[in-house]
Structures are given as C-alpha cells and as structure tokens.
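K.L.:
Pasting a structure below so you can have a look.
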Amino acid sequence: MFNLAFPLGSDYGWGICGKQITREMAKLGLVGLLTDAFSAATVGDPVDYFLLKKLQIDEQSSFLGEHPLLQAIVTARFKPFRPEVRGCFTVGYTFKEETILSQECLENASHYYDYLVTGSTWCQEILEDYGFQNISTIVQGIDPSLFEPSRPEKTCLEDYFVIFSGGKLEFRKGQDLVIRAYKVLQDRYPDVLLINSWFNHWQFSLATMEASPYIRFSPTQTDHVAMVNQLLVENGIDLRRTITLDRQPNPTMPHLYRNTDIGLFPNRCEGGTNLVLMEYMACGKPVIAAYNTGHRDIIHDENSLPLYKQKSIEFRHQQVTVANWYDSDLEEIISHLDWAYHHRDALQKLGKRAGQDLAQLTWKQTATQFYQLLESGAAFVQDLAALRD
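Right under this line is the structure:
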C-alpha cells in the first residue's frame, strides 16, 4: 500500500494534479489518500468524488508510517502538504520556482523527505546545484479523455483570430506581456480577439503583478471579471474584443481551446511544465511560449513558436531577491503573433505536432512513474531492514 498526501480540486494546478495522480495510482494498486475535506463540487465530478472518497484514510492511524508516502510540497518553505505525517519512505513532489533557497528550505527538505521529485528538469537542476542527490523528474500529464487533438477545428468565432492566454494572474505568468503585445495586434487588425482565463485564488500572488514594468496595475475591483476588465481598459484594451473568463472547472476548457487560434504563454518561470500550456497543446492547438525553465521540456520548433530571446531578471519579495527568472522580448512576442495572424495554415501543422507530442504525456504515465518509484523505495526499506536483522 502507498499513501498520497495531496490537495484536490478541478480549477487550479495542485488540485488537478492531486486528483489525477490519486485516481490513476489507484488503478495500479492499493493507495490511501490524505487530504482536506472535499465534495463533488471540489473535484468537479460526482463519480470522481465517489471514487476518491473511498480512498480517504484516517490521518491519525498508527499504521501510516509503515507505508511509502508521496507528499505534495505546496509551500515556498519546502514543507509538505501534511507535515505531521511521515512514511517509511517519503517522497516530496515539487514545482519550486524560487531559485534562491533559504537555510530553512534546505533544512525542511532534509527533514521531511527521503527523495525529491521535481516537475521539470530545470527544477531538478536548480535543486542539484544545492547539493540534492536523491532526486529525479516526473512531469505532469494530461487527461486524454478531455484534452485530445481529434477535433481541433473551430465551431464558432470563425471570423476572429483568437488568442488565448491562461494561468493565474501574477507576475510570474507574464500576463503583462500578453496585454502589451495584444494591444499592438488589436490596433493593427480589427478581427483579433483575446480570451483570458486568469482566475487567481491567492491575493498575495495577484499582488506580484505590481512588479511589472510593462503595464499599469492598480485594481480596485474585487470581483475577478470586473478586476481583469478594469486592468485591460486601463492598458488600452478594447473590451468589445475580449472575453474574460471567471473561475472555470478543468473539464470545460477543451471546448474553449478548440475555438481559439493560438495560445500565448510568455511565462517568466515554470517549476513544472505548465499544465495549462500542456492541455492547450494536447487539443491540437499551437502556442507561442517562452523557451525557459519548465517549458523547455515541452516546446520545440516543430510543435510551437518558441520565444528564444530571454533576458535574466531578478524577482524580489519584501525587498529580498528570491529568484532569477526570465523576461521574454516584447518585440519577439509581437513578431510571432503577427506571423501567426498571416500564416494560419502553418499553425495547423504546428498544432498537429503539438497534439501528437502531448498525447504521449498522460496522467497514467505520471502515476506509473510514481508507483514504480515508491515500489523501489519500499523494496529498499525492506532490504535495509533485512540487513539490520
């Protein structure tokens, strides 16, 4: 038996990751789930709720320490989702974006985990630079029952060139660059349309957009759609040619993706491989994306329009530099968007390859790799116990 400590959800990255890994690992063997109270609305599906609820176990059980444990590392300080629980072999899964680790982070990593798994090779390289050795990469997956490339054609909005931008609204995700670049396209061509899916659960994360040198950011609205629309108007965007989405459950997104022409992801850093980018590409849609950090595990010249001009920047929190990230070149973004506008047939070829590539990266594959890792860890613990006996 293996135990999993994950948050669950249907409209944010860690929640989707926890739901999918748990669901797929349960098909491979006996697993127990340690998580917060949840409902069918939390996971977005009554059948998933029924199946996941059956896996939830008592967190006070004295038997937890007898089994391998996979923990989500959900805090910047490297603490696990369930810090009070330890397995006989404990694996931590991280998408860490801060490249400058405090002594507290290093001590927590050593204290809580026997092995670390990162969501991208870039993240693994950062941690290896700090001396971590028991470490490997397992990338996230996509759900092929939802995100698949067999029907990439639009069924509406055919008269528009539709640009999609997704990810929670924050400085790291680069929506300020999206706004600046889209403004240029908007002023050039009357038939461009921006669809944004930028809902952010966390106010502290949203506030990081104040660091942008590209846009004005002084929100006074609390409702998400009203706040984003205010932001767009203040930066010269015509709301008649934008669609701002509110909080969206994951299963509703494929229909939206298929009715766009290209995705724009000038992200400054991804500790993982950017789940929204992956799901978008899995639907057979092309992207313009920053060639940095976790994106490098996914994009290349044959499945996307990479943004190769990357400038190293420091990201500061409370006057302290916590990370070295990358700024995409605004002119290169605009150039790629303009090229895409005039070469829509070529976009279909990129989208086809994107769909083929991402079809190979499923949650089943992710779960299988974790299952095999935990099996190896359990065997190691048993061998060690035998030697001691």
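To convert a position in the sequence shown, counted from 1, into my numbering, add 58.
Cβ atoms here follow ideal geometry from the backbone N, Cα and C, with glycine treated the same way.
All values reported here derive from a predicted model rather than from experimental measurement.
(1) Does the distance from the CB of A134 to the CB of E156 come in under 8 Å?
(2) Thinking C-alpha only, which one of D403, D296, K226 is nearest F323?
(3) Where does K410 fall in DSSP's three states?
(4) Report buried or exposed for S168, applying the criterion of at least 16 other Cβ atoms within 10 angstroms of its Cβ.
(5) So for S223, helix, strand or coil by DSSP?
(6) K343: buried (16+ other C-beta within 10 angstroms of its C-beta) or exposed?
(7) Nearest to N192 by CA position, among Q182, I200, Q198, is which residue?
(8) Taking 7 Å as the limit between beta carbons, can you name the residues of its chain near L159, skipping five residues before and five after?
(9) Should G87 be labelled buried (16 or more other beta-carbon atoms within 10 Å of its own) or exposed?
(10) At what residue ranges does the segment 99-131 contain a whole run of the beta strand (DSSP E), taking only runs of 3 or more?
(11) Should V149 and L128 be called a contact, given that it needs their Cβ atoms to be closer than 8 Å?
(12) Pull up the CB-CB distance for M389 and I200, whole angstroms please, since I reckon it's below 8 Å.
(13) So is Q418 buried or exposed if we call it buried at 16+ other beta carbons inside 10 Å?
(14) Could you tell me the distance, in whole angstroms, from the CA atom of S263 to the CA atom of I273?
(15) So, is L297 buried or exposed, given that buried needs 16 or more other C-beta atoms within 10 angstroms?
(16) Put S263 into one of helix, strand or coil per three-state DSSP.
(17) Taking buried to mean at least 16 other C-beta atoms within 10 Å of its own C-beta, is T424 buried or exposed?
(18) Note down, in chain order, each residue of its chain lying with its Cβ closer than 6 Å to the Cβ of D415, except the 5 sequence neighbours on either side.
(19) So, with DSSP's three-state summary, where would you put E372?
(20) Could you check what DSSP says for T213 in three-state terms: helix, strand or coil?
(21) Assuming A340 and G413 are in contact, meaning their beta carbons sit under 8 Å apart, how far apart are those beta carbons, in whole angstroms?
(22) Am I right that I346 and A398 are in contact with their C-beta atoms under 8 Å? What's the rounded C-beta distance?
(23) If we call anything under 8 Å between Cβ atoms a contact, is W383 one with R230?
(24) Could you check which residue in T426, E292, V220, K77 has the C-alpha nearest to that of R316?
(25) Please state whether DSSP places S270 in a helix, a strand or coil.
P.N.:
In short, the structure shows the following:
(1) One thing to note: A134 has its Cβ within 8 Å of the Cβ of E156.
(2) When the alpha-carbon of F323 is set against those of D403, D296, K226, the nearest one is in K226.
(3) K410: helix per DSSP, three-state reduction.
(4) Exposed is the call here.
(5) The DSSP-derived three-state label of S223 is strand.
(6) Burial check for K343: the Cβ neighbour count within 10 Å reaches 16 or more, so the residue is buried.
(7) Looking at the Cα atoms, Q182 is the closest of the given residues.
(8) If you ignore the 5 residues before and after L159, its C-beta comes within less than 7 Å of the C-beta of Y188, all in its own chain and listed in chain order.
(9) With fewer than 16 other Cβ atoms inside 10 Å of its own Cβ, G87 counts as exposed.
(10) With a minimum length of 3 residues, the continuous beta strand (DSSP E) runs that stay inside the segment 99-131 are 127-130.
(11) Contact: yes.
(12) According to the sequence as given, residue 389 is Glu; it is not Met. 32 Å between Cβ atoms; not a contact.
(13) Result: exposed.
(14) One C-alpha to the other measures close to 17 Å.
(15) By the Cβ-count criterion, L297 is exposed, with fewer than 16 other Cβ atoms from all chains shown falling within 10 Å of its own Cβ.
(16) Three-state DSSP puts S263 in a helix.
(17) Answer is buried; the Cβ neighbour count reaches 16.
(18) The answer, listed in chain order, is N361.
(19) If DSSP states are grouped into helix, strand and coil, E372 belongs with the strands.
(20) Three-state DSSP puts T213 in coil, outside helix and strand.
(21) Right, their Cβ atoms sit about 6 Å apart.
(22) Contact between I346 and A398 is confirmed by a C-beta separation of about 7 Å, below the 8 Å threshold.
(23) Taking 8 Å as the Cβ cut-off, W383 and R230 qualify as a contacting pair.
(24) For R316, the closest C-alpha among the options T426, E292, V220, K77 is that of V220.
(25) Coil at S270, not helix or strand.
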